[in-house]
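The next block holds one structure in the form of C-alpha cells; read it before the comments.
Number of protein chains: 2
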Amino acid sequence: MKAVGLVTEYNPFHNGHLHHLNMAKQVSGADVVVAVMSGNFTQRGEAAILDKWTRANEALVSGVDLVIELPIFYAVQPAHLFAQGALTLLNQLQISELVFGSEHPEIDFNQLVQAEEQFDSEEFSQYNGTYATRFNQQLKQQTGIELTEPNDILAYCYHKAVQQMNSSIKLTAIERVSNSYHDQRISSQIASASAIRHAVFNQLDYRESVPEQTAIDLFQSKAVVDWNMCYPYLRYLINQASIDFLQGIYQMSEGLEHKFKEIAENAATFDEFMSQIKSKRYTYSRLSRLCLYTLLQITDTEMKQAAQLPYLRVLGFNERGQEYLHSVKKDLTIPLVTKVDRDLKQGALNLDYRAGKFIEQMTGAAQDLKKSPIIMK
Amino acid sequence: MKAVGLVTEYNPFHNGHLHHLNMAKQVSGADVVVAVMSGNFTQRGEAAILDKWTRANEALVSGVDLVIELPIFYAVQPAHLFAQGALTLLNQLQISELVFGSEHPEIDFNQLVQAEEQFDSEEFSQYNGTYATRFNQQLKQQTGIELTEPNDILAYCYHKAVQQMNSSIKLTAIERVSNSYHDQRISSQIASASAIRHAVFNQLDYRESVPEQTAIDLFQSKAVVDWNMCYPYLRYLINQASIDFLQGIYQMSEGLEHKFKEIAENAATFDEFMSQIKSKRYTYSRLSRLCLYTLLQITDTEMKQAAQLPYLRVLGFNERGQEYLHSVKKDLTIPLVTKVDRDLKQGALNLDYRAGKFIEQMTGAAQDLKKSPIIMK
Numbered sequence: 269m270k271a272v273g274l275v276t277e278y279n280p281f282h283n284g285h286l287h288h289l290n291m292a293k294q295v296s297g298a299d300v301v302v303a304v305m306s307g308n309f310t311q312r313g314e315a316a317i318l319d320k321w322t323r324a325n326e327a328l329v330s331g332v333d334l335v336i337e338l339p340i341f342y343a344v345q346p347a348h349l350f351a352q353g354a355l356t357l358l359n360q361l362q363i364s365e366l367v368f369g370s371e372h373p374e375i376d377f378n379q380l381v382q383a384e385e386q387f388d389s390e391e392f393s394q395y396n397g398t399y400a401t402r403f404n405q406q407l408k409q410q411t412g413i414e415l416t417e418p419n420d421i422l423a424y425c426y427h428k429a430v431q432q433m434n435s436s437i438k439l440t441a442i443e444r445v446s447n448s449y450h451d452q453r454i455s456s457q458i459a460s461a462s463a464i465r466h467a468v469f470n471q472l473d474y475r476e477s478v479p480e481q482t483a484i485d486l487f488q489s490k491a492v493v494d495w496n497m498c499y500p501y502l503r504y505l506i507n508q509a510s511i512d513f514l515q516g517i518y519q520m521s522e523g524l525e526h527k528f529k530e531i532a533e534n535a536a537t538f539d540e541f542m543s544q545i546k547s548k549r550y551t552y553s554r555l556s557r558l559c560l561y562t563l564l565q566i567t568d569t570e571m572k573q574a575a576q577l578p579y580l581r582v583l584g585f586n587e588r589g590q591e592y593l594h595s596v597k598k599d600l601t602i603p604l605v606t607k608v609d610r611d612l613k614q615g616a617l618n619l620d621y622r623a624g625k626f627i628e629q630m631t632g633a634a635q636d637l638k639k640s641p642i643i644m645k
Numbered sequence: 269m270k271a272v273g274l275v276t277e278y279n280p281f282h283n284g285h286l287h288h289l290n291m292a293k294q295v296s297g298a299d300v301v302v303a304v305m306s307g308n309f310t311q312r313g314e315a316a317i318l319d320k321w322t323r324a325n326e327a328l329v330s331g332v333d334l335v336i337e338l339p340i341f342y343a344v345q346p347a348h349l350f351a352q353g354a355l356t357l358l359n360q361l362q363i364s365e366l367v368f369g370s371e372h373p374e375i376d377f378n379q380l381v382q383a384e385e386q387f388d389s390e391e392f393s394q395y396n397g398t399y400a401t402r403f404n405q406q407l408k409q410q411t412g413i414e415l416t417e418p419n420d421i422l423a424y425c426y427h428k429a430v431q432q433m434n435s436s437i438k439l440t441a442i443e444r445v446s447n448s449y450h451d452q453r454i455s456s457q458i459a460s461a462s463a464i465r466h467a468v469f470n471q472l473d474y475r476e477s478v479p480e481q482t483a484i485d486l487f488q489s490k491a492v493v494d495w496n497m498c499y500p501y502l503r504y505l506i507n508q509a510s511i512d513f514l515q516g517i518y519q520m521s522e523g524l525e526h527k528f529k530e531i532a533e534n535a536a537t538f539d540e541f542m543s544q545i546k547s548k549r550y551t552y553s554r555l556s557r558l559c560l561y562t563l564l565q566i567t568d569t570e571m572k573q574a575a576q577l578p579y580l581r582v583l584g585f586n587e588r589g590q591e592y593l594h595s596v597k598k599d600l601t602i603p604l605v606t607k608v609d610r611d612l613k614q615g616a617l618n619l620d621y622r623a624g625k626f627i628e629q630m631t632g633a634a635q636d637l638k639k640s641p642i643i644m645k
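Residue numbers (my numbering), protein chains in the order written: chain A, 269 to 645; chain B, 269 to 645.
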C-alpha cells in the first residue's frame, strides 16, 4: 500500500483542507492518506477551536484514513521544529510522499536549503530582529528570494527536515487555493482557518466555507476555547509564581519573566497583555507559544526530554487506515499509543496529558484517559 | 492612653462583633480600641466574604479606632500560630488588655496551659488522629476538661502566647452571645458569621444580624469570593504542577501531594475535592488552609521566612486611632507599613501582596499598591 502524508492542524477542518486532501490523493495516486494533526494546541500557541477528537473525526469523515496526533512538544514550536517533528512521525509511518500547500509552489525549496549553508553566521547572530527577519535577510543575500508566507516557510522546513533525516519521502508542493492566511474575510467557499475562527468568535456566518461535519461541531460545541478563556489562568499563575519558577519555563529568556510578572499585574485581558509584551525582538507567535508553555507550566527540561521520546498517538482510522497501520507496525522504532495508561500519563505522554487536562477543565470533554481511537465505519 | 485589643476576622462585621466591641470598651475602660484583623483570607483557609478594606471600614464605622492587618502568615494558620501572631502585633502596639469572646469564659485557661507541660509526649505523637483530638485526650487526662469550641481553643492559645512572650497584656474572656459558631440558622439579631455567609451565598435574609454598613457592603459587592470561585484555579494549578512543586508547598506532607493530584483530575467542584481529600487524619480547616497555600503557591521556605519578619500594616484609623499609633510608634521594633512600595511588595509583604493580587483578579478591586489607610472622620 502506498501512503501519502499530510501535516495538518485542521483548526477547524474546512473546504480548503478538503481540497488539499483530494489533491493529495490525486497527485500521489496513494492508496491511503495519513494525517499528522496538532492536538489540543496549535503552532501559533493557541488552543485549537475544537478539541483533537472532534477535529480528527472531521478529518476521517472527509476521507483521511489515519489520524496521528502531533505531540505538543512538536506542535507548539516554531516552523522548523514543527516540520521536523511531523516528518519524524510520517517517516516512521513510511509514507511515500508528503503533499502540502504553498503560496509559491514553484520555488525550488531544495536550492534554498543549500543556500542556508552559506549564511554569514556572525551577521546572523548580531542583527537585532526576529529570527524570521534575520533568516530572510540572509536568504535574500544568497538567493534573491524571501520567504514571508507561512506555508512557504513550512515548505522550506519540510525540505530541510527531509535532507537532515536522509529520508526518501517525496515532497510535493501544491498551490493553496485559500485566501491569504491572515485574511479575515469569508468571501467564498474557500476561506482560511483564521477567517473561520474569526467568524465563529464574532457570530458571523462561516457555513459556506466548511464541510457539514465541521458546521455541526462548531454549532454544538459548548465551549470554544480561546485565549480570552485561558488568560485568567495564565494571569493567576504569573501573579503567584516566583521569578525562579518562570525562569524555568521553556523559552523564557532574556528577562521576559520580569516583563511577564510586571505586565500580568495590571493587564486584564490577553490582548492587553500581548500588546504590552510585544516588541520588535519577538514575533506574536513566539510570545503566544511562550504564554502557552507558561500556562501549561512546561519547563525547559521537560520540553527537551519529551522531544527526545516521540511516539505515535493514534486518534482515529477507518478500515484502510487500520490495515495500513498494521502493515507498518512491525518496523516502528518509536512506541505506538492507542490508549493512555497511568505510566504513559506520568511518562512520555505527560505534556499532552496535561494539555488535555486543561482542555477537559475548560470544556468538560474527556481527552485522554478514557479515550480510544475513533473507528470510522 | 489606654488601649484595648481585639483579635478579629470580621467576616463580615456583624451585630455579635459590635457587642464584643462595646463590651471590650466597657470592661476595659480603655480610651482606644485596636483591632487586629485577618486580611483577605481567613483562619479556616477561605477568602473572606468581603475584602480587607471593606471589612476594615465596617469596623471603623462601628467604633474601632485602629485596624491592623493580620498578615497571611499569621492569619491562615492553626489557632496557636494565629493567636501568637495576633498577640505579637498587639504587644508591639502596647495594648493593656485583650478582650475576647469565649464559649466558656469561666474556664481557668492559665491552669490549662500549665497542664500542657505534663502531656505525655510519646503518647501524644503516637495517636493517629487530628492534632485537636490528641490535644484534648491529653488535656482531659490532666485536667478533666476538653476544649472543643473554637473560641475556647483560641482563648487557650492567647493565654499560652502571653505566657511565652512574657507579656503584661491582661486577658479578659467575655461570654459570646452569638449562636454556636457552626450554627447555620439566623434566628435573631445575633447570628454567627458563618450563618451570615451561608445566608449571603443562599440568598437568604441576613439584614437583621448586621449593622447597616455591612448590609450595604454585602449588597453592593460585585463578587463575593468563595471556594467555588477559587477552585478552578486551584484545580488548574494542581493538574499542571509537578509533584516536586506540590511537595514544596507549606504543610504539604505525608504524600498529600499525590492525593491532591489524583483527586483534582476528576473533582469538578471544591466540595467534591474536599470530600475526597478528607480523612480522620486531618481537620477540614487544616486541608482548606493547605488548599489555600497551594492556590497562592506559598512554599514552606517562604512561609517560614515571612513569619520571621512581621510588620504592622495599617488598614485604617480615626483621629483617636491615629493619635494612639503616633504615641506608640517610637517604641516599635517591627516595621510600620502604611503604603506598599516595590520593595515591600517583593520583600516582606510579598505573601499578602500575592493574596491581594488574587482577590484583585477575582473582584477587580485594588488591594495593595494604590491603597492608603482609610481615614475615618
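Ideal Cβ placement from N, Cα and C applies to all residues, glycine included.
### Query
Closer than 9 Å, CB to CB, is PHE541 of chain B near chain A or not?
no
### Query
Using a C-beta to C-beta distance shorter than 8 Å, which residues of chain B count as neighbours of LYS625 of chain A?
Counting only Cβ-Cβ distances below 8 Å, LYS625 of chain A has contacts in chain B at ASN507, GLN508 and GLU533, in chain order.
### Query
From B:PHE281, B:LEU318 and B:MET305, pick the residue whose C-alpha is nearest to that of GLN488 of chain B; which is it?
B:LEU318
### Query
Among residues of its own chain, excluding the 5 on either side of ALA303 of chain A, which ones have a beta-carbon nearer than 6 Å to its beta-carbon?
Only LEU274, THR276, ALA327, VAL332 and VAL335 meet the Cβ criterion.
### Task
Quick one: grab the DSSP three-state call for MET269 of chain A.
If DSSP states are grouped into helix, strand and coil, MET269 of chain A belongs with coil.
### Query
Since ALA316 of chain B and ASN308 of chain B are thought to touch, with beta carbons under 8 Å apart, how far apart are those beta carbons, to the nearest angstrom?
Sure, about 6 Å apart at Cβ, within 8 Å.
### Task
Rounded to whole angstroms, what's the CA-CA distance from THR482 of chain A to LYS320 of chain A? Just pull it up for me.
THR482 of chain A and LYS320 of chain A: Cα-Cα distance of roughly 13 Å.
### Task
Can you tell me which of the three DSSP states VAL596 of chain B falls into?
The three-state secondary structure of VAL596 of chain B, taken from DSSP, is helix.
### Query
Does DSSP put ASN586 of chain A in a helix, a strand or coil?
strand
### Query
Is the CB of ARG557 of chain B under 9 Å away from at least one CB in chain A?
By the rule that beta-carbons nearer than 9 Å mark a contact, ARG557 of chain B does not touch chain A.
### Query
Quick one: what's got a C-beta closer than 7 Å to PHE377 of chain A's C-beta in the same chain, skipping five residues either side?
Here the set comprises ALA423, TYR424 and HIS427.
### Message
For VAL272 of chain A and ASP420 of chain A, I'd like the C-alpha separation in whole angstroms.
### Response
20 Å
#### Entry: Within chain B, partners of GLN515 of chain A - CB distance below 7 Å
Under the 7 Å cutoff, chain B gives no residues; its nearest Cβ is about 14 Å from GLN515 of chain A.
### Message
Applying the 10 Å Cβ sphere with the 16-neighbour rule, what's the burial state of LEU577 of chain A?
### Response
exposed
### Query
With distances taken from CA atoms, which of A:THR601, A:THR606, A:LEU560 and A:SER640 is nearest VAL344 of chain A?
A:LEU560
### Message
Output needed for ILE363 of chain A: all residues of its chain with C-beta closer than 7 Å, excluding positions within five of it in sequence on either side, in chain order.
### Response
ALA271, VAL272, GLY273, VAL302 and ILE437
### Message
For GLU314 of chain B, tell me which candidate among B:ARG610, B:ALA441, B:ASP539 and B:ARG549 has the shortest Cα-Cα distance.
### Response
B:ASP539
### Task
Out of A:SER640, A:PHE341, A:ALA347 and A:ALA383, point me to the one whose CA is closest to ILE413 of chain A's CA.
Closest option to ILE413 of chain A, Cα to Cα, is A:ALA383.
### Query
Would DSSP call ARG557 of chain B helix, strand or coil?
helix
#### Entry: Proximity of TYR579 of chain A and LEU604 of chain A at Cβ, strictly below 9 Å
yes
#### Entry: Secondary structure of VAL301 of chain B, DSSP reduced to three states
strand
### Task
Give the secondary structure of MET433 of chain B by DSSP, where H, G and I count as helix, E and B as strand, and everything else as coil.
helix
#### Entry: Nearest neighbour of ILE282 of chain B, chosen from B:ARG444, B:LEU558 and B:ALA461 [CA to CA]
The sequence given here places His at residue 282 of chain B; Ile does not occur at that position. Looking at the Cα atoms, B:ALA461 is the closest of the given residues.
### Query
Hey, which unbroken runs of the alpha helix (DSSP H) at 4 residues or more fall wholly within the stretch 321–380 of chain B?
340–343 and 347–360
### Query
Since ILE464 of chain B is in the alpha helix (DSSP H), which residue starts that stretch and which ends it?
It spans 461–469 - the alpha helix (DSSP H) in which ILE464 of chain B sits, taken as one unbroken run.
### Message
For HIS285 of chain A, count the other beta carbons within 10 Å of its own beta carbon; 16 or more makes it buried, fewer makes it exposed. Which is it?
### Response
buried
### Query
THR356 of chain B: which of B:ASN290, B:SER477 and B:GLN431 sits nearest, CA to CA?
B:GLN431
### Own chain residues within Cβ distance below 6 Å of ARG503 of chain A, not counting five before or after
ALA532
### Query
DSSP puts PHE309 of chain B in a beta bridge; with which residues?
B:ALA315
### Query
LEU580 of chain A touches chain B at which residues, Cβ-Cβ below 9 Å?
Correct list: empty, because the minimum Cβ distance to chain B is about 25 Å.
### Query
Nearest-angstrom Cα distance between GLY353 of chain B and LEU505 of chain B?
29 Å
### Query
Excluding the five sequence neighbours on either side, which residues of its own chain have a C-beta within less than 6 Å of the C-beta of PRO346 of chain B, listed in chain order?
none
### Task
Just the chain B side, please: which residues come within less than 9 Å of GLN629 of chain A by C-beta, in chain order?
PRO500, ARG503, TYR504, ASN507 and ALA536
### Task
Would you please verify whether the beta carbon of THR398 of chain B is less than 9 Å from any beta carbon of chain A?
Not a single CB atom of chain A sits nearer than 9 Å to the CB of THR398 of chain B.
### Query
Between LEU524 of chain B and chain A, is there a C-beta pair that is closer than 9 Å?
no
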